[in-house]
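The structure appears below as structure tokens.
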DNA sequence: GCTTGACCCTCTAGTTGCTACAGGGTGCAT
DNA sequence: ATGCACCCTGTAGCAACTAGAGGGTCAAGC
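Protein chains in written order, with the working numbering: chain W, 1 to 131; chain Z, 132 to 262.
Written out as structure tokens, the structure reads:
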């Protein structure tokens with residue numbers, strides 16, 4: 001099964017530009033070319049790109065994806081490194097959730113304190129102003 | 132009270148580079164200069180920069196901060212616009228929290244399914260692989 | 001009065017992860 | 001043969017800074 005970049009893109013929910021970008025930064029190997037100099041992809045590339053996209057959806061950075069790809073190629077290796085990478089990412093996500101939740105509370109309190117009127121007496125602006 | 136950029140930075144928890152950046156994008160007006168061509172700031176700038184930093188800490192974008200600053204200058208105006216801006220931002224934060232929470236659940240499940248061993252049998256790698 | 005060190009200046013380029021052109025070539029159907 | 005959808009390369013842009021090069025300024029200490 002041979003695909004053009006557009007077909008591969010549709011199969012993985014990725015824009016052609018993004019695929020070319022992944023190639024440029026070395027996340028995808030340079031594929032073969034057709035007579036008209038079109039990139040041509042097969043099953044292997046489909047699998048690799050799916051992996052990348054899935055990991056991205058889970059919020060892994062491109063650097064983390066790169067590491068995961070490398071680790072996944074070495075099937076005999078202990079998977080503790082993979083585990084650590086995923087746990088590190090989870091911790092990061094949890095920290096972000098905590099930060100945003102604190103933010104949410106502050107914003108909600110600020111908004112609740114505003115009872116209309118003019119900017120001059122607005123509690124939201126006041127809350128942002130000099131302490 | 133006259134300050135150099137470094138002093139203003141310390142007072143507001145902002146790096147000098149960031150202050151110059153804010154000036155470049157028009158968030159802070161160009162300040163006066165000392166004999167040696169140093170930027171010199173007073174109370175007004177301290178207030179404005181504090182406002183900016185506080186809003187940034189609450190996750191408002193620079194464009195939103197710009198709008199808030201403009202609104203705050205017109206004390207007689209109805210504060211409904213301010214309120215709407217803040218509510219919009221809160222909604223955005225809440226959406227992000229929901230997204231991250233979904234992510235967190237997926238990551239945690241993935242990690243829980245991994246019971247050690249080699250990469251070849253690693254459930255994390257498997258979960259990322261082709262469906 | 002001269003040096004040392006901390007500070008300041010401008011300007012440019014890098015970060016992350018794409019996205020959007022501009023200015024072309026290819027391939028297939030009509 | 002001509003239109004249209006697709007492909008190619010290369011560059012520039014987004015947010016919100018951050019870091020560095022290559023200089024100038026100022027106060028203190030000797």
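Every residue gets a Cβ at the ideal spot worked out from N, C-alpha and C, and that includes glycine. Just so we're clear, the structure is a prediction, and the values are computed from it rather than from any experiment.
Approximately 6 Å separates the beta-carbon atoms of residue 118/W and residue 209/Z; this is inside 8 Å, confirming the contact. Taking each of 75/W, 104/W and 65/W in turn and checking the Cα distance to residue 252/Z, the smallest one comes out for 75/W.
Where residue 21/W is concerned, the enclosing alpha helix (DSSP H) starts and stops at 16 to 24. Apart from the 5 residues on each side of it in sequence, residue 136/Z sits with its Cβ closer than 8 Å to the Cβ of 147, 150, 151, 169, 170 and 172 in its chain, given in chain order.
Relative to the Cα of residue 199/Z, the nearest Cα in the group 189/Z, 213/Z, 144/Z and 188/Z belongs to 213/Z.
Take residue 176/Z, set aside five residues on each side of it, and the residues of its chain with a beta-carbon closer than 7 Å to its own are 139, 159 and 162, in chain order.
Beta-carbon to beta-carbon, residue 235/Z and residue 97/W are separated by about 6 Å, close enough to satisfy the 8 Å threshold. Under DSSP, residue 32/W takes part in a beta bridge, and its partners are 40/W.
Within chain Z, no C-beta atom comes nearer than 8 Å to that of residue 88/W; the closest sits roughly 11 Å away. The beta carbon of residue 192/Z does not come within 7 Å of any beta carbon belonging to chain W, so the residue lies off that interface. Among the residues of the region 23 to 37 of chain W, none has a Cβ less than 9 Å away from any Cβ of chain Z.
For residue 198/Z, the closest Cβ of chain W is not nearer than 7 Å.
In this structure, residue 90/W keeps its C-beta atom at 7 Å or more from the C-beta atom of residue 259/Z. Around the beta carbon of residue 226/Z, fewer than 16 other beta carbons sit within 10 angstroms, so the residue counts as exposed.
The Cβ-Cβ distance between residue 111/W and residue 217/Z falls below 7 Å. Bridge partners of residue 78/W according to DSSP: 249/Z.
Taken in chain order, the members of the region 206 to 235 of chain Z whose beta-carbon sits within less than 8 Å of a beta-carbon on chain W are 206, 207, 208, 209, 210, 211, 213, 214, 217, 218, 220, 221, 224, 225, 227, 228, 231, 232, 234 and 235. Following the DSSP letters along the chain, one finds residue 196/Z inside the alpha helix (DSSP H) bounded by residues 193 to 204.
Proximity of residue 150/Z to chain W, defined by a Cβ-Cβ separation below 7 Å, is not satisfied. The beta carbon of residue 143/Z sits closer than 6 Å to those of 180, 181 and 184, all from its chain and outside the five residues before and after it, given in chain order. About 17 Å separates the beta carbon of residue 256/Z from that of residue 61/W, a gap too long to meet the 8 Å contact definition. For residue 144/Z, there is no enclosing alpha helix (DSSP H), since its DSSP letter is neither H nor E. Neighbours of residue 249/Z across chain W, judged by C-beta separation under 8 Å: 75, 76, 77, 78 and 79. A Cβ-Cβ separation of about 38 Å leaves residue 116/W out of contact with residue 93/W under the 8 Å criterion. Under DSSP, residue 134/Z forms a beta bridge with 172/Z.
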